[in-house]
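In terms of this note's numbering, the sequence shown opens at residue 19 and continues consecutively.
First up is the structure itself, then whatever we jot down about it.
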Amino acid sequence: MKKCLVVPGPFLPYNDTITQLCYKHLRLLDMEYDVCALSNEAKDPDFERFLSNDPYYNKFHIHNVDKYNNVFFSIKNVNLFKGLRHMKKYIEKAVSMYDGHDYLYTNTFPCYTIRAGVELKKTHPSIKWIASFSDPINHSPYKYDIVRFQSLPLPEKIAFNLYCKYYVVDEDERDAFEQADLLVFICEEQRDFMIEQYQKYFHRIPEEEIRKKCVIVPLNYIPEWNQFIPNLEYKPNDTYTLAHFGRIYGLRFIEEFLYAFKEFTTKYPDLKIQVEQYGEFKKTDLKLIKELNLSSYFKIHEKVPYAECIERMKESDAVLLFDTILDEDKIQPYLPSKIMEYSLLKKNVLAVTTKRSPSYRIMKNTDAIACEYDRKAILKGLEELIIEKKPSVIEYATTNEEAIKQLQQRIMQMD
19 MKKCLVVPGP
29 FLPYNDTITQ
39 LCYKHLRLLD
49 MEYDVCALSN
59 EAKDPDFERF
69 LSNDPYYNKF
79 HIHNVDKYNN
89 VFFSIKNVNL
99 FKGLRHMKKY
109 IEKAVSMYDG
119 HDYLYTNTFP
129 CYTIRAGVEL
139 KKTHPSIKWI
149 ASFSDPINHS
159 PYKYDIVRFQ
169 SLPLPEKIAF
179 NLYCKYYVVD
189 EDERDAFEQA
199 DLLVFICEEQ
209 RDFMIEQYQK
219 YFHRIPEEEI
229 RKKCVIVPLN
239 YIPEWNQFIP
249 NLEYKPNDTY
259 TLAHFGRIYG
269 LRFIEEFLYA
279 FKEFTTKYPD
289 LKIQVEQYGE
299 FKKTDLKLIK
309 ELNLSSYFKI
319 HEKVPYAECI
329 ERMKESDAVL
339 LFDTILDEDK
349 IQPYLPSKIM
359 EYSLLKKNVL
369 AVTTKRSPSY
379 RIMKNTDAIA
389 CEYDRKAILK
399 GLEELIIEKK
409 PSVIEYATTN
419 EEAIKQLQQR
429 IMQMD
């Protein structure tokens, strides 16, 4: 059996979207894994139970070499020198773990996993490097969100600039594009956006050479874990509940939705409706809600644990998807992970998105309600969903086995 060195930053049993993405890429491949991991204190008993019952989890030999919070830097964790010191230590430890491994797998974010990949490729050129990306790095739109940056107080502006300088570095993505043997993306839009940025700012190898190294592994689920059992029973509650799960920040704009929702409640004053938001929420949006006299319609909650999140998705009448909003002529490279969960739970969805977004493409393929970022379009979507009761269920449910077939084939071709 082939041996693979995995350098992901945080790893299982810590449960978040990126650690699950990494595990799902690797669990069915015919390999043994040594994982250079950063531990995270957050525990998820349900997730740990899934892992303990998964026979493929035994192939992963996890070495927690440091704590993730020691390496991470933010305005709340202001010791930059400590973070950089521990980052260097993590990269050195990953390089020292090499023991004749056939493959190297890095998963970004965090970006410094790529730096470990560069060092390993330099010292062991025969190792085959699989570089996976959850989000763009090189000229990521979130790094150039001027409106949000200008709204930050001075200490947070300084922290943000330092974070971009040391933690989200354009050249890291460039190095992976040029040195990795295989590049793994979530969707076509992410791949195309990142190639476009590489050609615009670096252009050191031809586009066709990069594309030959690319493989798409869609978001997917593990059927044996059986988390996603739809709740299709009739709800006696007479209040219609719209729920959104995830952060509202940066380029995830919802002002047009709020204005459309105001028009909707004015047009249908007798309708009982509630919007439930779980996770970070912009102060400016909260202020606008109050200005529009919509406070009675909105409940803002803190982020909830994953298992509870799934239950609250089930309990809602419909769910919301707020996409990153970029100019119409730009590729939107972000695909929210919850689009898969909404599909598996067979929830009616209303999305606020753009035409060059993967969410828009996926939803329009199944005639689900995807509204452009325009209050008239959103008002029409609300009426279709709630008044006309138009079905709006997304079909985006790929099993783990189906999703990684192309990745398996590409790896076999490299041997």
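Heads up, the beta-carbon is just placed ideally off N, CA and C, and yes, glycines get one too.
The three-state reading of DSSP puts residue 75 in helix, counting H, G and I together. Listed as beta-bridge partners of residue 99 by DSSP are no residues whatsoever. By the CB criterion at 8 angstroms, residue 120 and residue 20 fall inside the cutoff. Nearest Cα to residue 404 within the set 429, 337, 227: 337. Shortest Cα-Cα distance from residue 113 to any of 409, 52, 184 involves 52. Where residue 200 is concerned, the enclosing beta strand (DSSP E) starts and stops at 200–203. According to the DSSP assignment, residue 52 belongs to no alpha helix (DSSP H) but to the beta strand (DSSP E) extending over 49–57. Across the structure, residue 34 and residue 153 are spaced so that their CA atoms are roughly 14 angstroms apart. By the CB criterion at 8 angstroms, residue 259 and residue 292 fall inside the cutoff.
Nearest C-alpha to residue 155 among 182, 327, 109: 182. In the structure shown, residue 221 adopts coil according to DSSP, grouped into three states. Here residue 427 is exposed. Its C-beta has fewer than 16 other C-beta atoms within 10 Å. In summary, residue 37 is buried, with 16 or more beta-carbon neighbours lying within 10 Å of its beta-carbon over all protein chains present. Here residue 414 carries a coil assignment [DSSP, helix/strand/coil]. The Cβ atoms of residue 242 and residue 374 do not sit closer than 8 angstroms to each other.
Annotation: the continuous beta strand (DSSP E) that includes residue 295 extends over 291–296. In the displayed model, residue 37 falls within a helix according to three-state DSSP. Its Cα nearest to that of residue 211, the residue 158 stands out among 310, 158, 272.
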